[in-house]
Amino acid sequence: ALAGREQTSLLREVVAATRPQATVAGGRARTAGAKVAAVAGVLAVAALVAFLGAAHSRQMYMRGVQDGQRLAAGNGGSAPAHSVSGAAGDGILESLLPWSASALAKSAPTTVGRALELTDADLSAMAHYVYFSDEHRLILTCLPKVASSWTLKLMLRMCGENRSSWDPEIRSARVHSLATRKPHMVSHLTPEEATRRFLDPSYTRAIVVRDPLERLLSAYQDKIVGERRREKESRGWWDMNKTVNSFVMQEGRPMPTFKDFATWASSYPYPEVGGTGAMGLRVPLAYNPFSAHVFVPFAPKPTEEDRLKYRQSPGGHSWEQHLTKRWADPHWRPQATLAALPKTAGLYDRVINLNDGHEGIKALLESLGPGVWERYGADGWGRGRNESFMQPGAAHADAAHETSAHERLKEAYGGDLDLMSRVAATYWADYATFGPVLRYPRGVFTDLPSFAMPY
């Protein structure tokens, strides 16, 4: 290959060599002619290589387009919205780019990459969170503390389950243990079947997310305060209060405030995130120096007497060592680390903020086809079973802790800028993964208009 100054110099020599010179001797003429021939040969070879390379790339690209069309046709769906014009497929590249206007149009399915390869570990991480409907070509991810009970009920209704599986009066704990949900879980597919659905351009992949500051407060109200009120000592409260010197919770210990809980849940320095399974998170601190109590992510090894006392605690829990991790509980683990999202987050077509849940779900169902919203979302919800799904102002039977969390957010944090900064920084992955849908809720802290979070 010839490049840079060497190529320029040689071309100058060629030009000079081709100028008519009456006094050029036979030897010099032959030398100049050889140089011209050499340059011409090099340029010809370069042109041939470029032509063949472009043809090969174009051939591979067209093969990928045809594969996508066959995939959609084989799954019972339609081919992608783009069309191939002519044998060469001119003009389709722009329509395939995920950031192009045509690909983002609501009327056209989104074409996603083909490099995904889900594993058994990924499917294990998706268990209880990711559901699918082949009839509606939908994958819906229902994360804990993001109205997951309601989105799961919606999915069961869309999958044809009877009303006893999705009735609005069913409690959250029961709906998440129903056997009727298992056939619709992505984790019950093979890795190949799950991968095919995630990459199928005729499918819509949707997820509902929640601001981490609101979600953490909701987890506190439901899993720390609420469960302790029902059971005297909730599982989350029990795990939270294990200390280096005491495995069994101390009787009479005061209920932690939300600041205590938020300080404990937000580690410092900020944690590293890795992997997609339940064990894919590393907690760098043995205890949190900011807390009023010495909370630890790992409890000491229990004795047999400890195990017996634990089994006899309210609820009959069995000891699981990994559940003593600070972030092992999915109700306050970062959303971006759940459900194999570190691998699949970029494939989702619709990311819906829970604060806009009604409009977001309505738009989602309407995009699936005519009459889908009217059939599954427009009616049959609420205590009177005469409301639409997540209807604004509706009083859901068991979601009071979710609907009221936003209103009590300002009061709970009490204007503690350091705590809010630490919580937001701890959950940086949520903001980075789901932005700009997730933003710092400035409207909640109206007295802090100039405050900026560190992400």
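So the sequence shown is numbered by my numbering: it starts at 313 and just counts up by one.
Cβ atoms here follow ideal geometry from the backbone N, Cα and C, with glycine treated the same way.
query, result
"List the whole-angstrom C-beta distance separating leucine 680 from leucine 360, where the pair is believed to meet the contact cut-off of C-beta under 8 Å.", "With a Cβ gap of about 50 Å, leucine 680 and leucine 360 do not count as contacting."
"Out of Asp742, Ala737, Lys571, Asn698, which has the shortest C-alpha to C-alpha gap to glycine 727?", "Lys571"
"Going by DSSP in three states, isoleucine 482 sits in which element: helix, strand or coil?", "coil"
"Helix, strand or coil for leucine 597, going by three-state DSSP, please let me know.", "Here the model assigns leucine 597 a pLDDT of 32, short of 50, so the residue's position is not dependable, and the following value carries that caveat. Residue state, collapsed to three classes: coil."
"Following a CB-centred definition, is tryptophan 644 positioned closer than 7 Å to any heavy atom of the ligand MG?", "Among the components modelled here there is no ligand, and therefore nothing to report on the ligand MG."
"Can you tell me whether serine 476 is buried or exposed? The criterion is at least 16 other CB atoms within 10 Å of its CB, across all chains shown.", "exposed"
"What is the DSSP secondary structure of serine 700, reduced to helix, strand or coil?", "coil"
"Kindly indicate which residue of Thr745, Ser578, Tyr443 has the alpha-carbon position closest to the one of leucine 525.", "Ser578"
"So with Cβ pairs under 8 Å, would you call valine 442 a contact of chain B?", "In the displayed structure, chain B is absent; only one protein chain is listed."
"Do you know offhand how far asparagine 667's Cα is from arginine 522's?", "8 Å"
"Can you give me the start and stop residues for the alpha helix (DSSP H) that arginine 734 sits inside?", "729-738"
"Which of the three DSSP states is assigned to arginine 645 in this structure?", "coil"
"Could you tell me how far apart the beta carbons of tyrosine 443 and histidine 488 are, in whole angstroms, since I believe they sit closer than 8 Å?", "Incorrect: roughly 12 Å between the Cβ atoms, too far for contact."
"Just list the residues that DSSP pairs serine 530 with in beta bridges.", "None; serine 530 has no bridge partner."
"Do the CB positions of leucine 528 and alanine 574 come within less than 8 Å of each other?", "yes"
"If you count every other CB in all the chains shown that lies within 10 Å of the CB of leucine 750, and 16 or more means buried, which is it?", "buried"
"Should methionine 702 and tryptophan 462 be called a contact, given that it needs their Cβ atoms to be closer than 8 Å?", "yes"
"Which word fits lysine 494, buried or exposed, when buried means at least 16 other C-beta atoms lie within 10 angstroms of its C-beta?", "exposed"
"Assuming threonine 516 is part of the beta strand (DSSP E), what are its boundary residues?", "516-521"
"Based on the DSSP output, what are the partners of asparagine 474 in its beta bridges?", "Beta-bridge pairing links asparagine 474 to no other residue."
"State the Cα-Cα distance for the pair leucine 409 and leucine 435, rounded to the nearest angstrom.", "Any reading at leucine 409 is ruled out, since the residue's pLDDT is 29, under 50, leaving its predicted position unreliable."
"Give me the Cα-Cα distance between threonine 656 and leucine 428, rounded to the nearest whole angstrom.", "8 Å"
"Check whether the Cβ atoms of methionine 438 and valine 498 lie closer than 8 Å to each other.", "yes"
"Just curious, the alpha helix (DSSP H) that tyrosine 688 is in, first and last residue?", "684-688"
"Reducing DSSP to helix, strand and coil, say where threonine 453 ends up.", "strand"
"What span of residues does the beta strand (DSSP E) with tyrosine 443 cover, start to end?", "442-445"
"Please determine, among Cys471, Cys454, Val348, the residue with the shortest C-alpha to C-alpha distance to leucine 650.", "Cys454"
"Would you call alanine 349 buried or exposed, if buried means 16 or more other Cβ atoms sit within 10 Å of its Cβ?", "exposed"
"Assuming isoleucine 664 and alanine 459 form a contact by the criterion Cβ under 8 Å, report the distance between their Cβ atoms to the nearest whole angstrom.", "Isoleucine 664 to alanine 459, Cβ: 10 Å. No contact."
"Per the DSSP calculation, asparagine 665 is bridged to which residue(s)?", "Val521"
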